[in-house]
Amino acid sequence: MSDLSSALNMLLDPVTLLSGMLGAMIGMVIGVIPGLGPAIAIALALPLTINMELAPSIALLISLYCTSIYGGCVPSILLNVPGTPASAATALDGYEMARKGKAGLALTLATIGSAAGGILSVLVLLMAAPALARFALRFGPLELFLVGAFAVTCVVLLDRRLYLRALISALIGLLLASVGQDPVGGGMRLTFGYFPLAGGLQLVPLLIGLFAISEVILRTARPGRTGTAVTHRLGVEMPERGFWRQGIPLIGKSAAIGTAMGIMPGAGPTAASFVSYAEAKRTTRTGVPMGEGNPKGVIASESANNAVTGGALVPALSLGIPGDAITALILAGLVMKGVVPGPRLYLDQNDIVLLILLALLLANIGIITFGLIGLRLWTSVLRLPEPMVVAGVVVLATIGTFATNNSTMDLTVMVLAGALGACLRLARIPITPLIIAFVLAPMLEVNLRQALVLYGLDWGVFLRRPIAGGLMLMTLAVILWPLARRLAVLAANRR
Amino acid sequence: MSAGGQPGAQGQGSRVLTRFVFLALAGLAAAVLWQSGLFRPAEWWNDPGNSARLVPGLALVALATTALALAVFGDGETLPPVVPRRLAAGLAALAGLWVFVQAFRLIGWAPAAGLLLLAMPVLLGFRRPLPLALFAAMLIALIWLVFVRGMGVQLPTGTFWR
């Protein structure tokens, strides 16, 4: 109790509150700008925290983390340009909603979903963090590989009719991620002797190219097709009351997926939003088809990507193992302030753990506040004539891509990824599996190879390691369940 | 666009084009597999854990096989028919982007962005100079404020002016 009151005292200090508020606003702006995101926001804020007290630093970093992930949903919905990779899945239905004049509703749902997902993940952490951390600790390379493989399988089977094309997309993603140094031995692959490729392809230029630049190319090739149909002023728009009967359980499920995937090292908010979207698509059988402007797609993606923030901090705080680059930066910030993450943190500095959790809660309240207040600000983007928007997107995408690594090579990758994205979209090859395979590829490869070194080709390992066996069964069930159902229907029809 | 929704000859043409595209993709994957030296089945089998060629090699084999399967058997979906004017516009957009990226490096971010913000809307049919100039100036000022001033990003100032 004294730890909680100590944490509350630190959080309610005016400087800490101001720092959290500024972090929330700046994070939102950075998230909204395509090409930027939480990693850049936190990396740029780290030098600022050197001269700050511990509590304001934590409030700043955590607010930036949560709100910059949320902010990415705004350009996803209004322009079909994900502000951050984590909001790419939001564009699938959010942008279609905007084109149908429901941008306000999409943004309201994204805001509520993000905040609710984030708050639920904090509550889960508050109650179950030690147990969850202990469970994730039991995962070896085989289990981690199987978790990644499960995620890729779910995404490839999103659309059963086009699964071969989705498989092609995932394989291209794996290949693009393999360019450059081998993550285990450091040898070069698929560089064809071209040295600038040695560092591999970065996610931001690839993502901006696949989404934004391909959109620009296709819009130029199809004049007259407007991407932003909404012209009235945006405001908070709530769905019909009946929507929440399915919406609330969906938020809960998506938050659970996001929290769980946040705990798994390597999975991160991008994978979580796509897996959650895939699950929502799998279970949605009524209303507007997913991908054509279904509000559930927005809720599923946004609840999951923000729920990752809480989940990702479980292994980071309790084990000192960052699950992704963003939590690694937050850990670096904590270490700079003399806080050493690890199992002892819960015993020696429990008030700091509680302060971090409370800062997460505050950041999610900030999402609701600034997100809903700021809704009207985004209207001006929609009022611009499309040719100006298209030109603006090209300039913002280029500046954002360059700003990530100060690299002109990234700009070349962005343009080529744009051409690839346009070709894939014309060939009706979905882009989502490519992105998720690209994100998960290093984790998949490293863990697969470690598992092969440890167990070889011994299939008995699935019996000796029940978690691995369970994950394998889950993956097989996802693949075989619809087939089994179809066979059952055929058999019933014959009778 | 499904084949069913297209008139007979056009649908047939789209089906042939679709098969050709996937056949070309299969050929490309096979060529990369051959050229990159990733195809080492013996290494994959004998020491899979230490083979850097395992994952990309298998991915290329799977890509070639899947694309070939789509080329041969199809899946009921076809490419949209080729419209030369649209194809030319798409290629022109791609070329324009390429030129912009080169200009970004050579003449600096602000002149390159200004040129693109003024030229691209005009080429796309928006011909109102005042709103265009205002929009270009405001966006460039905003980028300078956020990226250069606020975040300290060193945007290219152009190699021509040095």
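Going down the list, the protein sequences come from chains X and C.
The opening residue of the first sequence carries number 9 in the numbering used here; numbering runs sequentially from there.
The opening residue of the second sequence carries number 1150 in the numbering used here; numbering runs sequentially from there.
C-beta atoms are modelled at their ideal positions from N, C-alpha and C, and glycine is treated no differently.
Beta carbon proximity, X:Leu-117 to chain C, threshold 8 Å: Looking up residue 117 of chain X in the first sequence gives position 109. At a cut-off of 8 Å between C-beta atoms, X:Leu-117 does not count as an interface residue with respect to chain C.
Separation of X:Arg-168 from X:Ile-120, as counted between CA atoms: Translated into positions along the first sequence, residue 120 of chain X becomes position 112. Translated into positions along the first sequence, residue 168 of chain X becomes position 160. Straight-line spacing of the CA atoms in X:Ile-120 and X:Arg-168 works out to 31 Å.
Cut-off 7 Å between Cβ atoms - residues of its own chain near X:Ala-279, not counting five sequence neighbours on either side: Sequence index remark: in the first sequence, residue 279 of chain X carries index 271 (1-based). The answer, listed in chain order, is Ala-159, Met-269, Ile-444, Val-447 and Leu-448.
Where C:Gly-1153 falls, given that 16 or more other Cβ within 10 Å makes a residue buried: Your numbering for residue 1153 of chain C matches position 4 in the second sequence. Here the model assigns C:Gly-1153 a pLDDT of 42, short of 50, so the residue's position is not dependable, and the following value carries that caveat. Exposed.
Per-residue contacts from C:Asn-1195 into chain X (C-beta, under 9 Å): Taking the second sequence and counting its residues from 1, one reaches residue 1195 of chain C at position 46. Going along chain X, no residue has its Cβ under 9 Å from C:Asn-1195, so there is no contact; the nearest lies around 11 Å.
Contact under 8 Å by Cβ, X:Ala-312 with X:Ile-265: Sequence index remark: in the first sequence, residue 312 of chain X carries index 304 (1-based). Sequence index remark: in the first sequence, residue 265 of chain X carries index 257 (1-based). Taking 8 Å as the cut-off, the Cβ atoms of X:Ala-312 and X:Ile-265 count as close.
Short CB-CB distance (under 8 Å) between C:Leu-1172 and chain X: As a working mapping, residue 1172 of chain C is identified with position 23 in the second sequence. Put simply, the CB of C:Leu-1172 is far from chain X, with every gap to its CB atoms at 8 Å or more.
Complete runs of the alpha helix (DSSP H) confined to the stretch 451-475 of chain X [at least 4 residues]: DSSP runs (the alpha helix (DSSP H)) wholly in the stretch 451-475 of chain X: 469-472.
Neighbour-count burial assignment, C:Trp-1258, 16 or more Cβ in a 10 Å radius: Within the second sequence, numbered from 1, the residue matching residue 1258 of chain C stands at position 109. The residue is buried, with at least 16 neighbouring Cβ atoms inside 10 Å.
Limits of the unbroken alpha helix (DSSP H) element including X:Arg-173: Counting from one through the first sequence, the residue named residue 173 of chain X turns up at place 165. DSSP places X:Arg-173 inside the alpha helix (DSSP H), whose first and last residues are 171-186.
Residue environment, C:Met-1287, which counts as buried when at least 16 other CB atoms sit within 10 Å: Counted from its first residue, the second sequence places residue 1287 of chain C at position 138. With fewer than 16 other beta carbons inside 10 angstroms of its own, C:Met-1287 counts as exposed.
Within-8 Å CB hit, X:Ser-186 to chain C: For this step, residue 186 of chain X is matched to residue 178 along the first sequence. Output row for X:Ser-186: interface = yes.
Chain-ordered neighbours of X:Val-406 on chain C, where CB pairs are closer than 9 Å: Here residue 406 of chain X refers to the residue found at position 398 of the first sequence. Checking the sequence shown, residue 406 of chain X turns out to be Thr, not Val. Per Cβ cutoff of 9 Å: Leu-1246, Phe-1249, Val-1250, Phe-1253, Trp-1258, Ala-1261, Ala-1262 and Leu-1265.
Residues from the stretch 1209-1237 of chain C in contact with chain X, defined by Cβ distance under 8 Å: With the criterion set as a beta carbon lying under 8 Å from some beta carbon of chain X, the members of the stretch 1209-1237 of chain C are Leu-1209, Ala-1211, Leu-1212, Thr-1215, Ala-1216, Ala-1218, Leu-1219, Asp-1224, Gly-1225, Glu-1226, Leu-1228, Pro-1229, Arg-1235 and Leu-1236, in sequence order.
Under 8 Å between C-beta atoms of X:Gln-189 and X:Thr-412: The count along the first sequence starts at 1 and reaches residue 189 of chain X at position 181. The count along the first sequence starts at 1 and reaches residue 412 of chain X at position 404. Going by C-beta atoms, X:Gln-189 is not nearer than 8 Å to X:Thr-412.
Reduced DSSP secondary structure (H/G/I, E/B, other) of X:Glu-104: Counted from its first residue, the first sequence places residue 104 of chain X at position 96. Three-state DSSP puts X:Glu-104 in a helix.
Bounding residues of the alpha helix (DSSP H) (the contiguous stretch that carries X:Ser-71): Counting from one through the first sequence, the residue named residue 71 of chain X turns up at place 63. That run of the alpha helix (DSSP H) goes 62-79.
Alpha carbon of X:Ile-225 to alpha carbon of C:Ala-1173, nearest angstrom: Your numbering for residue 225 of chain X matches position 217 in the first sequence. Your numbering for residue 1173 of chain C matches position 24 in the second sequence. Cα-Cα distance, rounded: 22 Å.
Candidates C:Pro-1190, C:Gly-1263 and C:Leu-1177, of which the one nearest X:Val-402 by Cα: The residue labelled residue 402 of chain X in the question sits at position 394 within the first sequence. It is C:Gly-1263 whose Cα lies nearest to the Cα of X:Val-402.
Touching by the beta-carbon criterion (3+ pairs, under 8 Å), the stretch 1246-1255 of chain C and the stretch 1209-1226 of chain C: Judged by Cβ distances under 8 Å, the stretch 1246-1255 of chain C makes no contact with the stretch 1209-1226 of chain C, as fewer than three pairs qualify.
Short Cβ contact (8 Å threshold) for C:Gly-1239 with X:Ala-405: To locate residue 1239 of chain C, count along the second sequence from 1; it is residue 90. To locate residue 405 of chain X, count along the first sequence from 1; it is residue 397. Not a contact, by the Cβ cut-off of 8 Å.
C-alpha gap between X:Ile-271 and X:Ile-475, whole angstroms: The sequence position of residue 271 of chain X within the first sequence is 263, counting from 1. The sequence position of residue 475 of chain X within the first sequence is 467, counting from 1. In this model, X:Ile-271 and X:Ile-475 are separated by some 16 Å (Cα to Cα).
Contacts of C:Gln-1303 in chain X (Cβ-Cβ under 7 Å): Taking the second sequence and counting its residues from 1, the one referred to as residue 1303 of chain C is at position 154. Correct list: Asn-414.
Beta-carbon separation (whole angstroms), X:Ile-487 vs X:Leu-165, contact threshold 8 Å: One-based indexing of the first sequence puts residue 487 of chain X at position 479. One-based indexing of the first sequence puts residue 165 of chain X at position 157. Yes, they are in contact, since the Cβ atoms of X:Ile-487 and X:Leu-165 sit about 7 Å apart, within 8 Å.
Unbroken alpha helix (DSSP H) run spanning X:Pro-395, endpoints: Residue numbering aside, residue 395 of chain X sits at position 387 when the first sequence is read from its first letter. Here the alpha helix (DSSP H) through X:Pro-395 covers 394-413.
Below-8 Å beta-carbon distance, X:Ile-221 vs any chain C residue: Along the first sequence, one-based indexing puts residue 221 of chain X at 213. Residue-level contact check: X:Ile-221 touches chain C, since one or more beta carbons of chain C fall below 8 Å from its beta carbon.
Distance between beta carbons of X:Leu-460 and C:Pro-1233, contact taken as under 8 Å: As a first step, residue 1233 of chain C must be located in the second sequence, where it is residue number 84. As a first step, residue 460 of chain X must be located in the first sequence, where it is residue number 452. At roughly 51 Å, the Cβ-Cβ gap does not stay under 8 Å, so C:Pro-1233 and X:Leu-460 are not in contact.
Interface flag, C:Leu-1283 vs chain X, CB-CB below 8 Å: Here residue 1283 of chain C corresponds to residue number 134 of the second sequence, with the count starting at 1. No - not a single Cβ of chain X is within 8 Å of the one on C:Leu-1283.
Buried versus exposed, by CB contacts within 10 Å (16 or more), X:Gly-374: Mapped onto the first sequence, residue 374 of chain X falls at position 366. By the 10 Å Cβ count, X:Gly-374 comes out buried.
Contact with chain X by C:Gly-1239, beta-carbon distance below 8 Å: As a working mapping, residue 1239 of chain C is identified with position 90 in the second sequence. By this cut-off, C:Gly-1239 is an interface position.
For X:Phe-282 and X:Met-36, believed in contact at Cβ under 8 Å, the rounded distance: Counting from 1 along the first sequence, the entry for residue 36 of chain X is found at position 28. Counting from 1 along the first sequence, the entry for residue 282 of chain X is found at position 274. About 23 Å separates the beta carbons of X:Met-36 and X:Phe-282, which is beyond the 8 Å limit, so they are not a contact pair.
Any C-beta of chain C under 8 Å from that of X:Ala-63: As a position in the first sequence, residue 63 of chain X is number 55, starting the count at 1. For X:Ala-63, the answer is no, since every Cβ of chain C falls outside 8 Å of its Cβ.
Contacts of X:Ala-229 in chain C (Cβ-Cβ under 8 Å): Sequence index remark: in the first sequence, residue 229 of chain X carries index 221 (1-based). The answer, in chain order, is Arg-1235, Leu-1236, Ala-1238, Gly-1239 and Ala-1242.
Within-8 Å CB hit, C:Phe-1296 to chain X: Along the second sequence, read from residue 1 onward, the residue named residue 1296 of chain C stands at position 147. True, the Cβ-Cβ gap to chain X drops below 8 Å.
Minimum Cβ-Cβ distance from X:Glu-7 to chain C less than 8 Å: Within the shown structure, residues of chain X are numbered from 9 to 503, placing residue 7 of chain X beyond reach of any answer.
X:Met-33 - containing alpha helix (DSSP H), residue span: Your numbering for residue 33 of chain X matches position 25 in the first sequence. 22-40 is the extent of the alpha helix (DSSP H) around X:Met-33.
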